[in-house]
Amino acid sequence: MRKVVAAINMTLDGVFDHTAGLPDADIHKHYTELLDRSGVIMYGRKTFQLMEFWRSLLENPSEEKSMNDFALAIDKIPKIVFSKTLHNLDWITATIAKRDLKDEILELKKQSGKDILIGSRSLIMQLLNLNLIDDFQLCIYPVIAGKGLSLFENINERRILKLIRIKTFNSGAVLHYYAPKKLANSNYHSIFFVNSSINTVYKAITESIPEWWTKDFSGTANILKAEFTVRFGTTFKTMKVIELIPNEKVVWVCIDTLIDIPELKNKKEWKNTKIVLDLSEEKSNVKITLTHFGLTPEVACYQICKMGWESFLESLTKFLETGKGTPFKP
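Going left to right, the sequence shown walks through residues 32 to 361 as this note's numbering numbers them.
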């Protein structure tokens, strides 16, 4: 599966500023090689417009070979731009995103190909909050900017990263390669709040699955020991209801499954896993806690299934708050 790589420069005091660094031939060479190894790069509007500078070197080359090589690499790689104000681009290898950021990433990750680079601060912050970044490449310049935009702000929770390796440059810049640290045996867990009554939430989970999970639903989910099946094309999961406490708790165990994804060797990874939904009232909202016991980072389908849960839990929230979810439709 393609990786999402956040590759960006920053100063010692954590400021993101394209003009604050000390680029040299080594750094240009590094980023040229990174672009050549990647399949696409994503930008926000401001960063994309800054990158357009490199087009001028195609017609009027610099005396610095490393800069010219980088200009060729950035011109060649496909670029996807997220902007509410740009509608047409005259850079032949650049296109405006047709989906929102999350959907664009999920669609690209399904495809085969080289890695997906993220080159803008705003996109990195959004994807970090969505847990959709697989690797970080943070090039830290020996500069204290003193002011400017912080690379990491408005992050919704604490993150722990694992240092993979470092690379140093002649300028004194140090490139840190990080990966999100996965806690062993940590079951998938999500907590979210909805503006609804607890009885409505309970009924949505037990009686209205086709409105938020998948339209291809059969069976019964509101009776103890009943079974139901949810289908997503050729993929399916059959659940048995093993605990029901009205307005408090719902528990399913997966008794059969087929996760029809070509790269998965074991297509029955959900079998015997358990899904627990705990409900509680908090002021005018309902707190929903979903724990999928057995869906851990060691499971091959973890990343795909995690993204699936995030999508369908968002659909459940929409259904409860607006009356219209976004379930899978065959």
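Positions of the beta carbon are idealized from the N, C-alpha and C atoms, including for glycine.
- Counting along the chain, the unbroken beta strand (DSSP E) around Ala38 starts and ends at 35 to 42.
- C-alpha of Leu275 to C-alpha of Pro293: approximately 35 Å in a straight line.
- Rounded to the nearest angstrom, the gap between the Cα atoms of Ile72 and Lys60 is 17 Å.
- Just measuring C-alpha positions, the residue of Lys305, Asp67, Asn226, Phe267 sitting nearest Lys314 is Asn226.
- Sequence-distant Cβ neighbours of Gly325 in its own chain, meaning closer than 6 Å and more than five residues away, are Thr304.
- Within the stretch 172 to 256, the complete beta strand (DSSP E) segments at least 3 residues long are 192 to 199, 205 to 211, 219 to 225, 248 to 250, listed from N- to C-terminus.
- CA-CA distance, Ser97 to Tyr172, rounds to 19 Å.
- In the structure shown, the three-state DSSP call for Leu117 is coil.
- Under the three-state reduction of DSSP, Gln168 is assigned to strand.
- Here the C-alpha atom of Phe183 lies approximately 8 Å from the C-alpha atom of Gly45.
- If you draw a straight line from the Cα of Glu341 to the Cα of Asn201, it is about 43 Å long.
- Around the beta carbon of Pro358, a 10 Å sphere encloses 16 or more other beta carbons of the protein chains shown; the residue is thus reported as buried.
- A distance below 8 Å separates the beta carbons of Gly75 and Phe113.
- In terms of Cα proximity to Ala204, the closest of Ile58, Leu310, Gly179 is Ile58.
- The secondary-structure analysis by DSSP pairs Cys285 across a beta bridge with Met270.
- According to DSSP, residue pairing for Phe47 in a beta bridge involves Leu180.
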